[in-house]
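Quick note: the sequence shown uses the UniProt record's numbering, first residue 1, plus one each step.
Working notes for the structure below.
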Amino acid sequence: MDGPQSCRIKHEDAEELIDLMEENRQTGELLEAVEKHQDTHGQKSMSPSFQSRPEVHFTCPQCGKSFSCDQSLNLHMKFHRGTKPYACDQCDKIFTLKTNLNEHMKIHTAKMLYTCGQCGTIFTDEGNLNEHMKSHVVEMPFTCGHCGKRFTYKGNFNEHMKIHTGERPYACDQCGKRFTHKGNLNKHIIVHTGEKPHSCDQCGKKFKLKHILNDHMKIHTGEMPYMCDQCGTSFRKLDTFRLHLRYHSGVRPFSCDQCGKHFFTSVALKYHVKVHAKVKPHVCSLCGKSFMELSGLKKHQKRHSGVKNHVCFACGNTFFDGAQLKRHQRVHTGEKPYDCPHCDKRFSQPGHLKTHEKIHSGEK
């Protein structure tokens, strides 16, 4: 039966071809995968017409991409459907392609893992890590005169400078709140709509943004892919890992113009500036207590309601908010992310570090 089924191959061979195609996905050509398969098995070409110019018969109805084999189209459709039939039996992570699962399994079987100290990416082969490190060695001609941060592109540099100048050109037309970056405005607008389109298929919890759902899913899988090579602490989220590395370095790039105090993050600086201004616009309707941030008010209101929906899976204790839970979990993990810049002591809570630093300063 010649015709549309011009790729008449055994089922086992078809699966191998699909794997070859994925391994060779930089070119994405079925013909090249077929030729590799034939060379490996010492087979002759399938037919003169297929060898000279593959005739396209199969078209994706969603994006219009064409394929010369139905196996190729079926593989492609998995990406549209989000189908992930290949599951890791050690951590339950799932994959669209078998080759991706095989690559992932190396993490569990490898005797040694190699972690990038700059972004936290994990490799099973030292050569792959060395190759990856080249991506961090890029020319960064634009340097911020305030905090020393460097940028490859002028556009990114200009966006960063708004943090120091206080420029907030993007305003919400519903509440007037202004933002430094347009992306932050778009995220903020969801607060007004109340939309939470991304839901967890494990516990049903809903989220406004997809990347927050992705971070949440790691709670169920237990995945903590970012490991600090200085103290061995692992993290679920990349931004938390990067902040942790900053604590080790002791670098506090954000400084207050009014008192000169330095901070690890722009968020901490922003909060501190409000201390000088004594602005507390968010007031609790039940007790009259006021807060500088809306998030602070929301946390406070949970105490009135008595709802403690953040549960520690290790001991069952419940907490009003995620920050309390995270601080508590350090009891179980032994994590001590706060380093004293004067000695080698480390602490699990920032308050404990501040108390300790008074020993060095002589402050009582």
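A virtual CB, placed ideally from N, CA and C, is assigned to each residue, including glycine.
Helix, strand or coil at residue i according to DSSP, with G and I counted as helix
i: K278; result: coil
i: A171; result: strand
i: F264; result: coil
i: F241; result: helix
i: S234; result: strand
i: L353; result: helix
i: E12; result: Model confidence at E12 stands at a pLDDT of 43, short of 50, so the residue's coordinates are unreliable and nothing is read from them.
i: E35; result: Any answer about E35 is weak, because its pLDDT of 44 lies below 50 and its placement is not dependable; what the coordinates show is given next. It is helical.
i: M224; result: coil
i: S66; result: strand
i: K358; result: helix
Delimiting residues of the alpha helix (DSSP H) encompassing residue i
i: G322; result: G322 to T333
i: H160; result: K154 to T165
i: F191; result: Note that residue 191 is Val in the sequence shown, not Phe. It spans K182 to T193 - the alpha helix (DSSP H) in which V191 sits, taken as one unbroken run.
According to DSSP, residues forming a beta bridge with residue i
i: D339; result: R346
i: A87; result: I94
i: S290; result: V283
i: K206; result: S199
i: I122; result: T115
i: V311; result: T318
i: S255; result: H262
heavy atom of the ligand ADP below 7 angstroms from residue i C-beta
i: V137; result: For the ligand ADP, the structure offers nothing, since it holds no ligand at all.
Chain-order list of residues whose beta-carbon lies under 6 angstroms from that of residue i (same chain, five-residue window excluded)
i: F157; result: F142 and F151
i: R178; result: R168 and A171
i: K299; result: D321
i: K274; result: M292
i: Q26; result: Confidence in Q26 is poor, its pLDDT being 37 and thus under 50, which makes the residue's placement unreliable; the coordinate value appears in the next sentence. Cβ within range, chain order: n/a, list empty.
i: L269; result: F254 and F263
i: K162; result: T180
Within 8 angstroms, strictly: CB atoms of residue i and residue j
i: D339; j: Y226; result: no
i: I189; j: C172; result: yes
i: N317; j: H332; result: no
i: L213; j: H192; result: no
i: C116; j: L129; result: yes
i: K208; j: E195; result: yes
i: R252; j: F241; result: no
i: H310; j: Q324; result: yes
i: C59; j: S66; result: Per the sequence presented here, residue 59 reads as Thr, with Cys not at that position. Going by C-beta atoms, T59 is nearer than 8 angstroms to S66.
i: F254; j: C147; result: yes
Sequence-distant residues of its chain with Cβ nearer than 8 angstroms to residue i (five each side left out)
i: H244; result: C228, T233, F235 and P337
i: K205; result: S199 and H216
i: C315; result: H332
Other residues of its chain near residue i: CB distance less than 7 angstroms, five sequence neighbours each side excluded
i: E29; result: Residue confidence is low: E29 scores 41 on pLDDT, short of 50, so the model does not pin down where it sits. Its coordinate-derived value is still stated next. Cβ within range, chain order: n/a, list empty.
i: K154; result: F142
i: V267; result: none
CB contact check: residue i to chain B, cutoff 8 angstroms
i: K261; result: The displayed structure is made up of one protein chain only, and chain B is not part of it.
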